[in-house]
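Engineer: Take a look at the following structure, please.
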């Protein structure tokens, strides 16, 4: 028998393990979103940039670790990943990537409607409507995964 947690304890449960049906539904959503992005013509590097930028904004160490590895496997460079937090200050990102990153930021900070309007307008110049929709869905999905990992305090272990 285990003793009860003391009042004010910060021990967390892994909510993905505690509620596997809900987590599995989120994984299925992620798989559908990945297919939507591919069907819209978005390459894996752009999708991973969105995953990383949203995870940076949310401070999700676990997702940053996971998606940095995925971005490198997809062919992105350590240089670009290293400056991603300051993407506006560099010429390393394509117009489509820049539009996707702005949309990802607007999706993550949805209450800032002015930024969202600006991001949508810029995206319309370089992305199709299918691509815009896919980028927003990628950002919505990684935001959900960020919350799962942050609230569960999923650890990042040294490799």
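Residue numbers (my numbering): 4 to 162. Ideal placement from N, C-alpha and C gives every residue a C-beta, glycine not left out.
1) Can you list, in chain order, the residues of its chain with a C-beta nearer than 6 Å to that of residue 49? Leave out the 5 residues immediately preceding and following it.
2) How is residue 157 classed by DSSP in three states: helix, strand or coil?
3) Helix or strand or just coil, what does DSSP make of residue 37?
4) Under DSSP, the alpha helix (DSSP H) around residue 108 begins and ends at which residues?
5) Report the CB separation of residue 51 from residue 68 in whole angstroms; it is logged as a contact under 8 Å.
6) Considering Cα atoms alone, identify which of 98, 107, 21 is closest to residue 136.
7) If I follow the unbroken alpha helix (DSSP H) through residue 93, where does it start and stop?
8) For residue 111 and residue 45, what's the separation of their Cα atoms in angstroms?
9) From what residue to what residue does the alpha helix (DSSP H) around residue 162 run?
10) To the nearest angstrom, how far is it from the Cα of residue 6 to the Cα of residue 91?
11) Look at residue 125 and residue 105 and say whether their C-beta atoms are less than 8 Å apart.
Structural biologist: Taking the geometry as given:
1) Excluding sequence positions up to five before and after residue 49, its CB lies within less than 6 Å of the CB of 100, 103, all in the same chain and listed in chain order.
2) Residue 157: coil per DSSP, three-state reduction.
3) Note: residue 37 maps to helix in three-state DSSP.
4) In the DSSP assignment, residue 108 falls within the unbroken alpha helix (DSSP H) covering 98-111.
5) Contact between residue 51 and residue 68 is absent: CB atoms are separated by about 13 Å, not below the 8 Å threshold.
6) Cα-wise, what sits closest to residue 136 is 107.
7) Run containing residue 93: none; DSSP gives neither H nor E here.
8) Cα-Cα distance, rounded: 20 Å.
9) Boundaries cannot be given for residue 162, as no alpha helix (DSSP H) includes it and DSSP labels it neither H nor E.
10) Residue placement at residue 6 is flagged as unreliable, the pLDDT there being 42, under the threshold of 50; a coordinate-derived value is accordingly withheld.
11) Here residue 125 is near residue 105, since their CB atoms are less than 8 Å apart.
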